[in-house]
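Heads up, the thing below is written out as structure tokens.
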Amino acid sequence: MTLRINGSDHPQPADPRTTLLDHLREGLNLVGTKKGCDHGQCGACTVLIDGKRVLSCLQLAATVRGEVTTIEGLSGGDNLHPMQAAFLEHDAYQCGFCTPGQIMSAVACVAEGHAGSDAEIAEWMSGNLCRCAAYPQIRAAIADVAGQEDLE
Amino acid sequence: MQGHRIEGIEKVTGRAGFVDDLRLADTGMEPLVALVATAPVASGRVSVDATAALALPGTRCVIDHANAPRMRGVFVASMCEPGTRMPLQSDRIDYAGQVVAMIVADDLQAARDALAVLTIAIEDGPTPAVILSDADDRLVPVKRAGIGPGVLKKGDAHTALAAATHVADIETHHAPHHPNPMEPGAVIARWDEDGGVTIHAAVQWHHIDASMIGQALGLGWGAGPAGLLGRAVLGRTGKGKVRLENHLSGGAFGRNISYQALLLAPMAAKVAGAPVKLVQTRRDTFSLMSHRSEVRQRLRLGANDAGKLTSVVIEPDIARGHAAFVEPVGEMPMQLYAHDTHRLTTRVAKLDLPGAGWMRGPGVAHAIFALEQGMDDIARRTGSDPLDLRIANHADEHPVSAKPWDAKALLEAYEVGAEAFGWRDRPKGGSSDGQGRWRGFGMASAIDLGRQFPAHATVTLTRDARVVVSLAVAEIGQGLLTGLTGLVSEMTGLPQDQIEIDRRGTDAGYAAGSIGSTGTYSNAAAIQSAVEKIKAKLARAAGENSTEVWLQQSALAVPGRDPVPLADLLAKTGDITAKGRAGLTFGAGGKQAKASFGAVFCEMAVDPVTLELEVVRLVGAYDCGRVLQPTIARAQLVGAMIMGLGQALMEETRLDRRRGNWTNAEIGEALIPTQADCPDVEAHFVGHQDGLMDFKGIAEIAIVGVAPAIASAFADATGAVIHATPLTHARRLAAVARPLTSRREAAA
Chain A
1292 MTLRINGSDH
1302 PQPADPRTTL
1312 LDHLREGLNL
1322 VGTKKGCDHG
1332 QCGACTVLID
1342 GKRVLSCLQL
1352 AATVRGEVTT
1362 IEGLSGGDNL
1372 HPMQAAFLEH
1382 DAYQCGFCTP
1392 GQIMSAVACV
1402 AEGHAGSDAE
1412 IAEWMSGNLC
1422 RCAAYPQIRA
1432 AIADVAGQED
1442 LE
Chain B
10 MQGHRIEGIE
20 KVTGRAGFVD
30 DLRLADTGME
40 PLVALVATAP
50 VASGRVSVDA
60 TAALALPGTR
70 CVIDHANAPR
80 MRGVFVASMC
90 EPGTRMPLQS
100 DRIDYAGQVV
110 AMIVADDLQA
120 ARDALAVLTI
130 AIEDGPTPAV
140 ILSDADDRLV
150 PVKRAGIGPG
160 VLKKGDAHTA
170 LAAATHVADI
180 ETHHAPHHPN
190 PMEPGAVIAR
200 WDEDGGVTIH
210 AAVQWHHIDA
220 SMIGQALGLG
230 WGAGPAGLLG
240 RAVLGRTGKG
250 KVRLENHLSG
260 GAFGRNISYQ
270 ALLLAPMAAK
280 VAGAPVKLVQ
290 TRRDTFSLMS
300 HRSEVRQRLR
310 LGANDAGKLT
320 SVVIEPDIAR
330 GHAAFVEPVG
340 EMPMQLYAHD
350 THRLTTRVAK
360 LDLPGAGWMR
370 GPGVAHAIFA
380 LEQGMDDIAR
390 RTGSDPLDLR
400 IANHADEHPV
410 SAKPWDAKAL
420 LEAYEVGAEA
430 FGWRDRPKGG
440 SSDGQGRWRG
450 FGMASAIDLG
460 RQFPAHATVT
470 LTRDARVVVS
480 LAVAEIGQGL
490 LTGLTGLVSE
500 MTGLPQDQIE
510 IDRRGTDAGY
520 AAGSIGSTGT
530 YSNAAAIQSA
540 VEKIKAKLAR
550 AAGENSTEVW
560 LQQSALAVPG
570 RDPVPLADLL
580 AKTGDITAKG
590 RAGLTFGAGG
600 KQAKASFGAV
610 FCEMAVDPVT
620 LELEVVRLVG
630 AYDCGRVLQP
640 TIARAQLVGA
650 MIMGLGQALM
660 EETRLDRRRG
670 NWTNAEIGEA
680 LIPTQADCPD
690 VEAHFVGHQD
700 GLMDFKGIAE
710 IAIVGVAPAI
720 ASAFADATGA
730 VIHATPLTHA
740 RRLAAVARPL
750 TSRREAAA
């Protein structure tokens, strides 16, 4: 059994109790995904599995049946994903610790069609805590990306 | 800001390295992993049976009070942890959540496995006291409350109160809560061949924390207070035996890594004989790191016929835990409004809790809540608009020292905030918002001291026109790196990509900490004094005696002469290095008084049946001196306003009175504002100051007036004043005189 992560195959952890989060961070050195609580409460560990957002601290690595995308796999090389570029432009981060989880969640939020209004974005992004409270700027970044996609 | 923050790309790509992210390539180490076990109760004697834990193949060692290396007592300038006892030095339990053992194992999972089978036995101690209402017999009058005063007296406040036309007499209560930065924190430690220690951590005040580690581990005077004084006062540099490598911090708001973790990691490395990474879990952070204290206050204001304050009497009772820190509640309220007399009397109760400590708006966030509720009360009694009452009581000079303010734009803040909010045209409180909810409108003033702390910067202008600033500043999300880099660019006339801030190592200069909204002001002053010296050298190289020179566009500009290209001058001088320093000033400490000010306005909607509330809008106008990077500064203000909303409505870490432990020590249970709680927030700057060094402080002022403005809006909507933070649903239900039972009844 292998895990498909960011377009490559990776081994499953030897210990079946390992969460996807710990496997990413401790096993595969993919440390962009953050551990804020390890209890599914803060959203810092959000990754995508087949495009859907998942709290990697609540998912056992052994139960993953799909393609995992982490912040490291969102963009190729130095090219930023439009959401990353929008976070930069709107200053949608301060300390940066929750940012990878916010961005992964934001990408899915737009893909789900939950970025139709400011209030809708707020509701569908409320699982990603930001203690710096860059919330208004995060909403602006997401609205910007959602608007661009609508134009296309 | 040119585009984005300096560390922005790293942050949005996930490449920003927080301590727990560091790997072999970053540190040259593959550390073992340490986790702590904490006491579930607040008193007693502990014994640890590690037999089962040690039998697991991945366990390297288990450290408890019986086998822990001895540590020396420390002096810590911040007065918070490690408190009155160093970790793992005694079997005595002083508070729940105290570290009683530490596991060192091959990896994280092995450490967890060992922790799960560690047997901790506790011989019961006396019933703890962890809340003020259980601790009447522990209240002691104090003259000093932390760095703030415990006692203040101006005139005869009690006589003035007795003679006042209008008197407000209220008691407020403030629940303890936690800063809860998003990063739970980790520390990596390694003992080196010279007997010194290398530490990777994210700290807010580099040299203070390095000195604490040196003192505790007995690494000589150079690492202790004498070395610290040498760095802070004389500007000495050098690595010493504590080599602290500072990293990006995932938030702070008071504390970003516990002092105990900074001591326990090298202890673990010593016992294990190998580098160790100590990882704090989220739950650990609630007792290893400090919290904002529980406080209750009685506040009395006396006013004359015109509503002007004649007397301010404040009597706070403040909880403290097992650290010297006391929430400085009495410091700021006397400085906000003009008044004739005042009296502050403070009592402190030492409770069986972890050490309390600094959290955004320390002291002042609680204190101004009570003061502003008192002002609203006087406004009701005099029939004044709350804003007009505050304008009438404006302090044209510092109300305690009578010194002039160096700059003060509070009146402008009132005007700009009121205009942006539409205060003067607001609907009547309690009127319907069109959706069957009561509308309410409230406002409050805000103040926070302007401070400057000592800092020493070494600035080198290299012969190829790069600037290297050596200064151990901390980047905690406040944008200091971007702000200082832009400022150095402005001072030197060189583009930002030629400027480097060397900040991470202990050999970088003694910087003012990223604390108390002082980082930019203090450190910028040190840099500026060094840059002035460099300019003087360049002027001499150009054959100029005038000091009226400045740097722009890679040239030295001299009045009445063509600019001299920097390259020509540097070819003569070679690298130029200069040291600069900033001194200590504090509020009204200089010839002029210095403070940041603000005015906050809140619109709220309250469901008349359920008393569910929505903060619809927050508008703040802030006089915080010179603003380096408006985008970043506004983000600080907005973020602090949202944290103020948390303080007002939800932030409360609750205690089990029997066992003494925090009962909601999880980030999803000790509630903080989420995206969905976030109202429409506006922050405006007033009192524009452009002078190079006209800084005040930004990071804390914006939390100060928010909670009272929200409580005021609730009172306006419902007629019920809640004298407590947070305004929980239970408190709202209890406060509103006659709970309604249906919407129809509400509409009637």
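These protein sequence lines map, in sequence, to chains A and B. At position 123 of the first sequence (counting the first as 1) the number is 1414 in the numbering used here, and the numbers step up by one without a gap. At position 484 of the second sequence (counting the first as 1) the number is 493 in the numbering used here, and the numbers step up by one without a gap. From the three backbone atoms N, C-alpha and C, an ideal C-beta is built for every residue, glycine too. Values in this document were obtained by computation on a predicted structure and should not be read as measured data.
Neighbourhood of residue i by C-beta, 8 Å cutoff - its chain only, sequence neighbours within 5 removed
{"i": "B:Gly439", "result": "Trp447, Arg448, Gly449, Asp725, Ala726, Thr727, Gly728"}
{"i": "B:Val147", "result": "The sequence given here has Arg at residue 147 of chain B, not Val. Excluding positions up to five away in sequence, the list reads Ala138, Ala358, Lys359, Leu360."}
{"i": "B:Asn255", "result": "Ala210, Ala211, Val212, His215, Ala481, Ala483, Arg512, Arg513, Gly514"}
{"i": "A:Leu1351", "result": "Pro1307, Arg1308, Thr1309, Thr1310, Leu1311"}
Contacts around residue i, its chain only, beta-carbon distance under 7 Å, and the 5 residues preceding and following it disregarded
{"i": "B:Met38", "result": "Ile197, Arg199, Pro284"}
{"i": "B:Leu380", "result": "Leu308, Pro342, Leu345"}
{"i": "A:Lys1343", "result": "Ala1399"}
{"i": "B:Ile323", "result": "Gln306, Leu308, Gly339, Pro342, Leu353"}
{"i": "B:Leu396", "result": "Tyr423, Ala427, Trp432, Met452"}
Boundaries (first-last residue) of the alpha helix (DSSP H) holding residue i
{"i": "B:Val21", "result": "17 to 22"}
{"i": "B:Ala429", "result": "419 to 430"}
{"i": "B:Ala657", "result": "639 to 658"}
{"i": "B:Asp122", "result": "117 to 125"}
{"i": "B:Gln382", "result": "373 to 391"}
{"i": "B:Arg276", "result": "The residue asked about is misnamed: residue 276 of chain B is Met in this sequence, not Arg. Segment 268 to 281, the alpha helix (DSSP H) holding B:Met276."}
{"i": "B:Thr36", "result": "33 to 36"}
8 Å Cβ cutoff, residue i in contact with chain B
{"i": "A:Cys1348", "result": "no"}
{"i": "A:Ile1296", "result": "no"}
{"i": "A:Asn1370", "result": "no"}
{"i": "A:Ala1406", "result": "no"}
{"i": "A:Arg1422", "result": "yes"}
{"i": "A:Glu1411", "result": "no"}
{"i": "A:Ser1417", "result": "yes"}
{"i": "A:Glu1380", "result": "yes"}
{"i": "A:Ile1362", "result": "yes"}
Range of the contiguous beta strand (DSSP E) that encloses residue i
{"i": "B:Gln306", "result": "304 to 312"}
{"i": "B:Cys70", "result": "68 to 73"}
{"i": "B:Trp200", "result": "195 to 200"}
{"i": "B:Pro463", "result": "That residue, B:Pro463, is in no beta strand (DSSP E); it is neither H nor E in DSSP."}
{"i": "B:Gln561", "result": "559 to 561"}
{"i": "B:Met613", "result": "604 to 615"}
{"i": "B:Tyr631", "result": "622 to 632"}
Beta-carbon proximity list for residue i, same chain, < 6 Å, skipping 5 on both sides
{"i": "B:Val567", "result": "Glu553, Val558"}
{"i": "B:Gly370", "result": "Glu709, Ile712, Val713"}
{"i": "B:Asp133", "result": "Gly53"}
{"i": "B:Thr467", "result": "Ser479, Gly518, Lys588"}
Strand pairing of residue i, partner residues [DSSP]
{"i": "A:Ser1299", "result": "A:Ile1296"}
{"i": "B:Ile208", "result": "B:Ala198, B:Leu253"}
{"i": "B:Pro158", "result": "B:Arg153"}
{"i": "A:Leu1351", "result": "A:Thr1310"}
{"i": "B:Ile129", "result": "B:Val57"}
{"i": "B:Ile102", "result": "B:Gly53"}
{"i": "B:Tyr346", "result": "B:His403"}
{"i": "B:Lys359", "result": "B:Arg329"}
Near the ligand NAP: residue i beta-carbon under 7 Å from a heavy atom
{"i": "A:Ala1305", "result": "The ligand content of the structure shown is nil, which means the ligand NAP is not present either."}
Within-8 Å CB hit, residue i to chain A
{"i": "B:Phe262", "result": "yes"}
{"i": "B:Val13", "result": "Per the sequence shown, residue 13 of chain B should be read as His rather than Val. It does; some Cβ of chain A falls within 8 Å."}
| query | Name the residues in the stretch 186 to 199 of chain B whose C-beta lies less than 9 Å from a C-beta of chain A; which are they? | reply | Cβ proximity to chain A below 9 Å picks out Pro188, Asn189, Pro190, Met191, Glu192, Pro193 from the stretch 186 to 199 of chain B.
| At a Cβ cut of 8 Å, what residues of the stretch 1383 to 1401 of chain A count as close to chain B, listed as they run along the chain? | Flagged, chain order: Tyr1384, Gln1385, Cys1386, Gly1387, Phe1388, Cys1389, Thr1390, Pro1391, Ile1394.
| request: Compile a chain-ordered list of the residues in the stretch 1313 to 1337 of chain A whose CB is closer than 9 Å to at least one CB of chain B. | output: Of all residues in the stretch 1313 to 1337 of chain A, only Asp1313, Arg1316, Glu1317, Asn1320, Leu1321, Val1322, Gly1323, Thr1324, Lys1325, Lys1326, Gly1327, Cys1328, Asp1329, His1330, Gly1331, Gln1332, Cys1333, Ala1335 come within less than 9 Å of chain B when Cβ atoms are compared, listed by chain position.
| Between the stretch 674 to 691 of chain B and chain A, which residues of the former have a C-beta closer than 9 Å to a C-beta of the latter? | When C-beta distances to chain A are compared with 9 Å, the residues of the stretch 674 to 691 of chain B below that value are Glu675, Ile676, Gly677, Glu678, Ile681, Pro682, Thr683, Gln684, Ala685, Asp686, Cys687, Asp689, Val690, in chain order.
| query | Between the stretch 279 to 301 of chain B and chain A, which residues of the former have CB atoms less than 8 Å from a CB of the latter, in chain order? | reply | Result list: Thr290, Arg291.
| message | Along the stretch 15 to 31 of chain B, where does the CB come closer than 9 Å to a CB of chain A? Name the residues. | response | Within the stretch 15 to 31 of chain B, those residues whose Cβ lies closer than 9 Å to any Cβ of chain A are, in chain order, Glu16, Gly17, Ile18, Glu19, Lys20, Val21, Thr22, Gly23, Arg24, Ala25, Gly26, Phe27, Asp29, Asp30, Leu31.
| message | Taking beta-carbon pairs under 8 Å, can you tell me which members of the stretch 482 to 515 of chain B lie near chain A? | response | Listed in sequence order: Ile485, Gly486, Gln487, Gly488.
| query | For the stretch 580 to 610 of chain B, which residues have a CB atom closer than 7 Å to at least one CB atom of chain A, in sequence order? | reply | For chain A, none of the residues of the stretch 580 to 610 of chain B brings a beta carbon within less than 7 Å of one of its beta carbons.
| query | Which residues, in order along the stretch 1300 to 1313 of chain A, keep a beta-carbon less than 8 Å from a beta-carbon of chain B? | reply | Listed by position along the chain: Asp1306, Arg1308, Thr1309, Asp1313.
| field | Residues in the stretch 319 to 346 of chain B having any Cβ partner in chain A nearer than 7 Å | value | From the stretch 319 to 346 of chain B, no residue has a Cβ closer than 7 Å to chain A.
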